[in-house]
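Numbering-wise, the numbering used here puts 393 at position 393 of the sequence shown, and it's gapless, one number per residue.
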Amino acid sequence: MATTYDYEEAPATYDEGRHQDLGYDPNFVPDSVRSFVVHLYRHIREKNVYEIHQMYEISFQTLSDRLFKDTPWPSVDAVAHYVDNDQVFCLLYREMWFRHLYARLSPTLKQRIDSWDNYCSLFQVVLHRVVNMQLPNQWLWDMVDEFVYQFQSFCQYRAKMKNKTEQEIALLRQYDQAWNVYGVLNYLQAFVEKSNIIQILEQEKEGLEQFTATDGYDYSGGSNVLKVLGYFSMVGLLRVHCLLGDYQTGLKCLLPIDISQQGVYTSVIGSHIATIYHYGFANLMLRRYVEAIREFNKMLLYIYKTKQYHQKSPQYEQILKKNEQMYALLAICLSLCPQVKLVDETVNSQLREKYGEKMARMQRYDDEALVIYDELFSYACPKFITPSAPSFEEPLVNYNQ
Numbered sequence: 001m002a003t004t005y006d007y008e009e010a011p012a013t014y015d016e017g018r019h020q021d022l023g024y025d026p027n028f029v030p031d032s033v034r035s036f037v038v039h040l041y042r043h044i045r046e047k048n049v050y051e052i053h054q055m056y057e058i059s060f061q062t063l064s065d066r067l068f069k070d071t072p073w074p075s076v077d078a079v080a081h082y083v084d085n086d087q088v089f090c091l092l093y094r095e096m097w098f099r100h101l102y103a104r105l106s107p108t109l110k111q112r113i114d115s116w117d118n119y120c121s122l123f124q125v126v127l128h129r130v131v132n133m134q135l136p137n138q139w140l141w142d143m144v145d146e147f148v149y150q151f152q153s154f155c156q157y158r159a160k161m162k163n164k165t166e167q168e169i170a171l172l173r174q175y176d177q178a179w180n181v182y183g184v185l186n187y188l189q190a191f192v193e194k195s196n197i198i199q200i201l202e203q204e205k206e207g208l209e210q211f212t213a214t215d216g217y218d219y220s221g222g223s224n225v226l227k228v229l230g231y232f233s234m235v236g237l238l239r240v241h242c243l244l245g246d247y248q249t250g251l252k253c254l255l256p257i258d259i260s261q262q263g264v265y266t267s268v269i270g271s272h273i274a275t276i277y278h279y280g281f282a283n284l285m286l287r288r289y290v291e292a293i294r295e296f297n298k299m300l301l302y303i304y305k306t307k308q309y310h311q312k313s314p315q316y317e318q319i320l321k322k323n324e325q326m327y328a329l330l331a332i333c334l335s336l337c338p339q340v341k342l343v344d345e346t347v348n349s350q351l352r353e354k355y356g357e358k359m360a361r362m363q364r365y366d367d368e369a370l371v372i373y374d375e376l377f378s379y380a381c382p383k384f385i386t387p388s389a390p391s392f393e394e395p396l397v398n399y400n401q
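This is the structure we're talking about:
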């Protein structure tokens, strides 16, 4: 569900006034949207995970394609009375609303700040109240994935100071805690700690828990939300620390998850790929090339065997992009540490087809080789961020590269 693209590739900024001129009314709710909201609310109250997943993964996408290709969904105020003004549902709806806005348009600074506020409100509810819901793993992963993506996007947006207006600079000064790196890390860490997920995974090794066997769901009438958010937050922490260049800490955050085994992280393709991509990248940066090669190879083989089943998935383009990036990272690893015996024949064949000629040149270690290393690394690495705010004084310059 989460659409993760590089900020530089994002569409033009959404202009509310312009879309109102074109006929977009945030208070108009088409019948199909009203039906969607009413049924989704009912299924959430009934803990019908299968129906929630169908509506979240298929119906929301279908309605977005049909009715909201280049406009936002109706505002939360317009749909609230259809769901008894339920606070938690309205927070979930807004989370989807902002995700759609990021994917199809591009948010204004005020909308970026409003999305941060919505995440804070939603996460506070999950952390400090009894949440009697079961949500699909896909949705819970997308929440963590999108939360980190919007943080990354905000840092990149804020670093581009050159063309900022006085109004934007005033807003950045006023809301200086929005998407603060410590706030982001604290929420992810709070989910890990409050969920007791590390202890749950330890107890599972002793046969006292069945978290992985049940894919994180609670079949005794409880809620899976906090536990699964805690689990996926460990992957989120790895990703944030990779964006910050702190690879040791990132890998330490992932330690409770045994990536040599199937786990809840493999139940969602986006989570599976993000985990191995960032794990492999962190090991590459720490010069643990053999470990990186081993995991990239397993993931690339898995994608090769299963990608046909994801062709109609909203994640398909992202799967293909990460697949190409991991081949580039594998080419770097094997050029620095030739360990072809660790690579499956199928993966090696694909690798030689894509990068065979470049890898031969990379092993010469001359100036031309360095240019190729730089090219592949720039293409395949995460889009690093500067988490601290830039200077708001003149002259305004762009801080990100």
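Cβ atoms here follow ideal geometry from the backbone N, Cα and C, with glycine treated the same way.
- In the DSSP assignment, Asn398 forms a beta bridge with Lys160.
- Here Lys162 is exposed: its Cβ has fewer than 16 other Cβ atoms, across all protein chains shown, within 10 Å.
- Within 10 angstroms of the beta-carbon of Pro314 lie 16 or more other beta-carbons, which makes it buried.
- Judged by DSSP in its simplified three-state form, Asp31 adopts helix.
- Distance from the CA atom of Pro338 to the CA atom of Lys383, rounded to whole angstroms, is 27 Å.
- With respect to the C-alpha of Tyr365, the residue from Ala380, Leu336 and Ile198 having the closest C-alpha is Leu336.
- Collapsing the DSSP output to three states places Cys90 in a helix.
- In the same chain as Phe392, and ignoring 5 residues on each side of it, the C-beta atoms closer than 8 Å to its own belong to Met161, Ile169, Leu172 and Arg173, in chain order.
- In this structure Ile269 touches Ile319 by the C-beta definition: roughly 6 Å separates them, less than 8 Å.
- Cβ contact annotation for Met299 (same chain, cutoff 8 Å, sequence separation greater than five): His272, Ile273, Ile276, Tyr277, Gly280 and Met326, in chain order.
- Contact annotation: the segment 205 to 220 does not touch the segment 239 to 246, with fewer than three C-beta pairs closer than 8 Å.
- Within its own chain, the residues whose Cβ lies closer than 6 Å to the Cβ of Leu251, once the five positions on either side in sequence are excluded, are Ala282, listed in chain order.
- One Cα belongs to Leu91, the other to Glu295, and the distance between them is close to 37 Å.
- Residue state for Gly250 is assigned as helix, using DSSP reduced to three classes.
- Phe147 is the residue among Gln199, Phe147 and Gly207 whose C-alpha sits nearest the C-alpha of Leu185.
- Taking all protein chains shown into account, Pro30 has fewer than 16 neighbouring C-beta atoms within 10 Å of its C-beta and is therefore exposed.
- Under the three-state reduction of DSSP output, Asn224 falls in the coil class, being neither helix nor strand.
- Distance between Asn180 and Glu353, taken at the CA atoms: about 43 Å.
- Using a Cβ-Cβ distance cut-off of 8 Å, the segment 77 to 86 and the segment 123 to 135 are not in contact, since fewer than three pairs of beta carbons, one from each stretch, lie closer than that value.
- Of the residues Val343, Ala331 and Tyr302, the one whose Cα lies closest to the Cα of Met362 is Ala331.
- Less than 8 Å divides the Cβ of Ala159 from the Cβ of Pro390.
- Excluding the 5 residues flanking it on each side, Tyr187 has same chain C-beta neighbours closer than 7 Å at Phe123, in chain order.
- For Asp114, the uninterrupted alpha helix (DSSP H) run begins and ends at Leu109 to His128, by DSSP.
- In the structure shown, Cys242 falls within a helical segment according to DSSP collapsed to helix, strand and coil.
- Taking a contact to require three or more Cβ pairs closer than 8 Å, the segment 132 to 148 and the segment 95 to 105 qualify as touching.
- Annotated as distal: Tyr217 and Val76, with beta-carbon spacing of 8 Å or more.
- Judged by DSSP secondary structure, Arg173 falls within the alpha helix (DSSP H) whose first and last residues are Glu166 to Gln174.
- Proximity to Leu254 across Leu201, Gly207, Glu46 and Tyr302 peaks at Leu201, based on C-alpha coordinates.
- Beta-carbon to beta-carbon, Gln150 and Ser115 are separated by about 6 Å, close enough to satisfy the 8 Å threshold.
- Residue range Tyr316 to Leu336 is occupied by the alpha helix (DSSP H) that includes Cys333.
- In this structure, Ile385 sits near Gln152, with a CB-CB distance shorter than 8 Å.
- DSSP places Asn186 in the helix class (H, G or I) of the three-state scheme.
- When DSSP states are grouped into helix, strand and coil, Met133 belongs to the coil group.
- By alpha-carbon distance to Val228, the top candidate from Gly221, Ser349 and Asp215 is Asp215.
- Of the residues Tyr309, Leu284 and Pro387, the one whose Cα lies closest to the Cα of Cys381 is Leu284.
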